[in-house]
Amino acid sequence: MPDEIPLMPLSPFEDYEGLIPFPRKWDFVLVCDDHKMNSVEDRMKKKFLEELHKKGFIIKEIQDQKLFYGVHAPSGIFRKYQWLMNNPDNELGHLLPEQLDYQESAITSTRIRIVNFILQNTEIPHTKEKLRDLIKKKVFETAFPLHERENLGRFLKMNWAQWRDLFCRQPIGEIRTYFGEKIALYYAWLGWYTCVLLIAAVPGCILFIYGFIRFSSGQISKEICEANTTIMCPLCDQNCPFWILSDTCTYAKITHVVDNECTVVFAIFMTIWATVFLEVWKRHRAKIVNHWNMYQWDEEEEELTLELINNPESTSDEYQHSYLRSIIVLVLSLIMICVLIGIAHALVIYRVVVTVIFTQSNSKFLQEKATTGAVLTGAVLHYLSIVIMTKVNKYIAHILCELERPRSFSEREKSYTIKVFTFQFFTYFSSLIYVAFFLGRINGHPGSYVRVAGKWRLEECHPSGCITDLFIQMFVIMTLKQTLSTLMEYLRPCLTYKYHLLCRKPQRINVEQTSQDLCKDEWLWNYQLSEVNVFTLFDEYMEMMIQYSFTTIFVAAFPLAPFLAFVNNLFEIRLDAIKMVKFQKRMVPKKANTIGIWYYILETIGILSVIGNGLVIAITSDFIPMLVYQYTFSPCKQKNNTGIDCLTGYVNHSLSVFNIQHFENTVNLTDPLGNEITHCRYPDYRNSDDYNHSIEFWHIFAARVAFLFVFEHVALCVKLIAAWFVPDDPRSVKNDHLKEKRKKLKRKLRAMDDSTDI
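In this note's numbering, the protein residues as written are 323 to 1080.
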């Protein structure tokens, strides 16, 4: 067999050397404005089309306000691809005659992928400008493959992109045939992730319902609600009154809904869930790609094959590495991370200032809800900063990728993904990390407060803990992100498509119309759809990675996160399906046998979830202080107190005493009832004479460290055991590959014996 298969001339009425006879279908459509003759843009356009013609492409021109150029590649490129990849049966499969439409769609998808690569890498002589450069210079407006209105396209519209299929299994095989393996694997992973989320959503909802059932029965809530004589220190310096602890009764009850004795069990469960989810997904993926005969597919070999098909004389870029460029990229990335952390600090200052403004206002309602109002408005402002910084993060990541000079598109994609996710993670979670682990712990104490710019005091935790602040912050951000982002992703292409239909009604098609009219209608319909690009699937993945982070890292403070994610994903799958099939231009099918760098990001999030949940329970939650109190200072440690709740007296134990004569600034020395007072309380473990940390503080600190050490090591052991216990590849997949290797070796042995006999 020759080393190179020559490009054969194409018959006008059949394709693929008579393999599947049908009227010629156009692989791609280029669109441009009707440039004036002999203009610079017109000359560049002609040169580009001439280069395609030299490669054997057939080009059809249709004019309708815009100039449309249909591009049809010679059948030889498809045979050459099969020959170089050494898998002639992989693309066609052993299909039955009634499956001819699917066979045709599979061939079309492969042709689109190859033609897209050739279009993107065809250069104009001398200037070396490619299609993306011509689009930037307005020579071409856009380029896109065509949707199939019949066959597989109709099947996906009727059996995937429908609301009635909300709870039905996705047709992953058909999605793969139409959109390629990369998109099919995304939907396979998303469907699997959504199903597994249900396992996490059920105990999360049970925990939340359990907290509501015990809404008013918790001992801590009762003590706070009955603390009518406990005078608390002012929350600000000027004109801020003392307040009674019982005023925060409702807040304490809400805290108990989230922070109760079952929170630790749920956090441990979610840590195990995240580990097992990834291990089982690896097995599920292996089954899918083995069924597709893609298990040993090589991405680098695919790229080299397409390069040779486009230009046999081309030379591939070699791997490069520069320590200087790496250092520059690292330094710039750290600077960007510092900027994102600075934005989180700005949100902290905003919360501090708003709390002071609400407390000093004339409205009693604002005074009572100052802390809650600051948390809610701060969360909304945080979401707005996320929307803005998302675009900035992508732009900065693109610049850093250009500095690295990756060898291929796949390497560029991996590098870009890591950078964007890192920036997005700090954008989303810097403020949450502050609320979870620093709020109320670095603010000092009465008489010696830590101040912002020497003026405003930092926020304090509620006497029942800071976990409710974290709950509110996560609820607002996650709800806004999922609802608004999902609606915008769907409404933008939908409204754009409807607008195009209103601007121009499609012509009626009848049997007397010429093929020119049919092509014109088909191309115009595809042109009116919303644009897609290489980042369309990237954005979908990134959205799910951020959601997975919310679902796992701080889930101890927000047990409803898995349920909200599950509900969102049920609608997300169908919205994306409708969007991709009906309102967006067809995405270029691409091959893949894994979800790529996203799997390693999921593993990283799993590790962060162990650390995050351990820290939430050890630091944010009051679980450890209550546990220490129960077994060290509670009435249950005394004799003849067996019938009493072991947490009795915990609130009084957790509040320190401060002499108001030691305030830095003059304050009103009367309580809310007008009585003169000498002391006030504040949440901390300090001595009443010198205000140093008490012995209880060090007991609790030691318990926190011990719990964190045990929790994280137990979770790590569970992760390692699960990784060992659950094989990455199912036994059936391993046996299939064993049989295939044996068949190949027997064929080689038979061929050797035949040559010896001759």
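Beta carbons are placed, not taken as given, at the ideal position from N, Cα and C, and that holds for glycine. Quick caveat: nothing in here was measured; it's all calculated off a predicted structure.
Exercise. From this set, ILE875, ARG605, VAL674, which residue's C-alpha is nearest PHE1047's C-alpha?
Worked result: For the purposes of this step, residue 1047 is taken as the residue at position 725 of the sequence shown. Here the closest residue by C-alpha is ARG605.
Exercise. Excluding five sequence neighbours on each side, which residues of the same chain lie with their C-beta closer than 7 Å to the C-beta of PRO410?
Worked result: Stepping through the sequence shown from its first residue, residue 410 is reached at position 88. Note that PRO410 scores a pLDDT of 41, beneath 50, so its modelled location is shaky and nothing firm can be said.
Exercise. Would VAL674 be called buried (16 or more neighbouring beta carbons within 10 Å of its own) or exposed?
Worked result: Along the sequence shown, read from residue 1 onward, the residue named residue 674 stands at position 352. Looking at its Cβ environment, which holds 16 or more other Cβ atoms inside 10 Å, VAL674 is buried.
Problem set entry | Inter-stretch contact (C-beta, 8 Å, three-pair minimum) for the stretch 1009-1017 and the stretch 1029-1041 | no
Exercise. Which ranges would you report for the alpha helix (DSSP H) in the stretch 621-654 if only whole runs of at least 4 residues count?
Worked result: 621-632
For this session: Going by DSSP, name the residue or residues bridged to SER852.
Result: Mapped onto the sequence shown, residue 852 falls at position 530. Answer is GLN906.
Problem set entry | Assigned secondary structure, TRP970 (DSSP; H/G/I helix, E/B strand, else coil) | Mapped onto the sequence shown, residue 970 falls at position 648. Residue identity check: residue 970 is Thr in the sequence provided, not Trp. It is coil, neither helix nor strand.
Exercise. What first and last residue would you give for the beta strand (DSSP E) that runs through GLU383?
Worked result: Taking the sequence shown and counting its residues from 1, one reaches residue 383 at position 61. Counting along the chain, the beta strand (DSSP E) containing GLU383 begins and ends at 380-386.
Exercise. Which residue from ILE755, THR585, PHE534, ILE900 puts its Cα closest to that of ARG476?
Worked result: Here the question's residue 476 lines up with position 154 in the sequence shown. Nearest C-alpha to ARG476: ILE900.
For this session: Leaving aside the five residues before and after VAL772 along the sequence, list all residues of the same chain whose C-beta is less than 8 Å from its C-beta, in chain order.
Result: Indexing the sequence shown from 1 puts residue 772 at position 450. Within the same chain, VAL772 has close Cβ partners ILE764, ASN765, GLY766, ARG779, LEU780.
For this session: Check each candidate in ILE923, VAL587, ILE755 and name the one with the smallest Cα separation from ILE740.
Result: To locate residue 740, count along the sequence shown from 1; it is residue 418. Residue ILE923 is the option with its Cα nearest to ILE740.
Problem set entry | Extent of the continuous alpha helix (DSSP H) to which PHE748 belongs | As a first step, residue 748 is located in the sequence shown; it is residue number 426 there, counting from the start. 731-759 is the extent of the alpha helix (DSSP H) around PHE748.
Exercise. For the putative contact between PHE300 and ASN632, defined by C-beta atoms under 8 Å, what is the C-beta separation to the nearest angstrom?
Worked result: Nothing about residue 300 can be read from this structure; the chain reaches only from 323 to 1080.
Problem set entry | Residue ranges of each alpha helix (DSSP H) within the stretch 443-527, 4 or longer | 453-458, 474-481, 494-501
Problem set entry | As assigned by DSSP and simplified to three states, the class of GLU1062 | As a working mapping, residue 1062 is identified with position 740 in the sequence shown. Helix.
Problem set entry | Closest by C-alpha distance to PRO768, when choosing among ARG1053, ALA696, LEU977, TYR515 | Residue numbering aside, residue 768 sits at position 446 when the sequence shown is read from its first letter. Among ARG1053, ALA696, LEU977, TYR515, the Cα nearest to that of PRO768 is on LEU977.
Problem set entry | Member of PHE390, THR430, GLN387 whose CA lies at the smallest distance from the CA of PRO911 | Taking the first residue of the sequence shown as position 1, residue 911 is located at position 589. When only C-alpha atoms are compared, the closest one is THR430.
For this session: Assign ASN715 to one of three DSSP states: helix, strand, or coil.
Result: Along the sequence shown, read from residue 1 onward, the residue named residue 715 stands at position 393. Three-state DSSP puts ASN715 in a helix.
Exercise. Going by DSSP, what residues sit across from SER683 in a beta bridge?
Worked result: Counted from its first residue, the sequence shown places residue 683 at position 361. In DSSP, SER683 forms no bridge with anything.
For this session: Name, in chain order, the residues that DSSP records as bridge partners for ILE566.
Result: Locating residue 566 in the sequence shown gives position 244, counting from the first residue. BP columns for ILE566 point to ILE553.
Problem set entry | Own chain partners of ILE446 with C-beta closer than 6 Å, once the 5 adjacent residues on each side are dropped | Here residue 446 refers to the residue found at position 124 of the sequence shown. Once the five neighbours on either side are set aside, the close Cβ partners of ILE446 are LYS369, PHE370.
For this session: Using a threshold of 8 Å, state whether the C-beta atoms of THR694 and GLY928 are closer than that.
Result: Working through the sequence shown from its first residue, we reach residue 694 at position 372. Working through the sequence shown from its first residue, we reach residue 928 at position 606. Contact: no.
For this session: From the DSSP output, read off the bridge partner residues of PRO1005.
Result: Walking along the sequence shown from the start, residue 1005 turns up at place 683. For PRO1005, which the question treats as bridged, DSSP gives the partners LEU977.
Exercise. Should ASN360 go down as buried or exposed, given a rule of 16 or more other Cβ atoms within 10 Å for buried?
Worked result: Within the sequence shown, residue 360 is the residue found at index 38, counting from 1. ASN360 is exposed by the Cβ-count criterion.
Problem set entry | Closer than 7 Å: LEU371 CB and nearest the ligand GTP heavy atom | Although the ligand GTP was asked about, the structure shown includes no ligands whatsoever.
Exercise. So what does DSSP say about PHE857, is it helix, strand or coil?
Worked result: Taking the first residue of the sequence shown as position 1, residue 857 is located at position 535. Note: PHE857 maps to coil in three-state DSSP.
For this session: For SER707, name the three-state secondary structure that DSSP assigns.
Result: Numbered from its first residue, the sequence shown carries residue 707 at position 385. Helix at SER707.
Exercise. Can you tell which of MET480, ASN473, GLY513, ALA506 has its C-alpha closest to the C-alpha of PHE489?
Worked result: On the sequence shown, residue 489 is found 167 positions in, with the first residue counted as 1. The residue with the shortest Cα to Cα distance from PHE489 is GLY513.
For this session: Kindly indicate which three-state DSSP category TYR870 falls into: helix, strand or coil?
Result: On the sequence shown, residue 870 is found 548 positions in, with the first residue counted as 1. Correct three-state label for TYR870: helix.
Exercise. Tell me which same chain residues have a C-beta within less than 6 Å of the C-beta of VAL833, skipping the five on either side of it?
Worked result: Sequence index remark: in the sequence shown, residue 833 carries index 511 (1-based). Reliability fails at VAL833, whose pLDDT of 46 lies under 50, so the model's placement of it is uncertain and the value that follows must be treated cautiously. Excluding sequence neighbours, VAL833 sits near nothing in its chain.
Exercise. Once you ignore the five residues that flank LEU1060 on each side, which residues in its own chain have a CB closer than 8 Å to its CB?
Worked result: For the purposes of this step, residue 1060 is identified with residue 738 of the sequence shown, where counting begins at 1. Nothing listed; no residue qualifies.
Exercise. Using DSSP with H/G/I as helix, E/B as strand and the rest coil, what is GLY766?
Worked result: The residue labelled residue 766 in the question sits at position 444 within the sequence shown. If DSSP states are grouped into helix, strand and coil, GLY766 belongs with the strands.
Exercise. Looking at C-beta atoms only, is the number of pairs between the stretch 476-485 and the stretch 848-856 that lie closer than 8 Å three or more?
Worked result: no
Exercise. Does the Cβ of ASP639 have 16 or more other Cβ atoms within 10 Å, making it buried, or fewer, making it exposed?
Worked result: Counting from 1 along the sequence shown, the entry for residue 639 is found at position 317. By the 10 Å Cβ count, ASP639 comes out exposed.
For this session: Might you give, ordered along the chain, the residues of its own chain that have their beta carbon closer than 6 Å to the beta carbon of CYS527, omitting 5 neighbours on each side?
Result: By 1-based counting over the sequence shown, the position of residue 527 is 205. For CYS527, where only same-chain residues beyond five positions count, the Cβ hits under 6 Å are PHE885.
Problem set entry | Burial state of MET810 (16 or more Cβ within 10 Å) | Working through the sequence shown from its first residue, we reach residue 810 at position 488. So MET810 counts as exposed.
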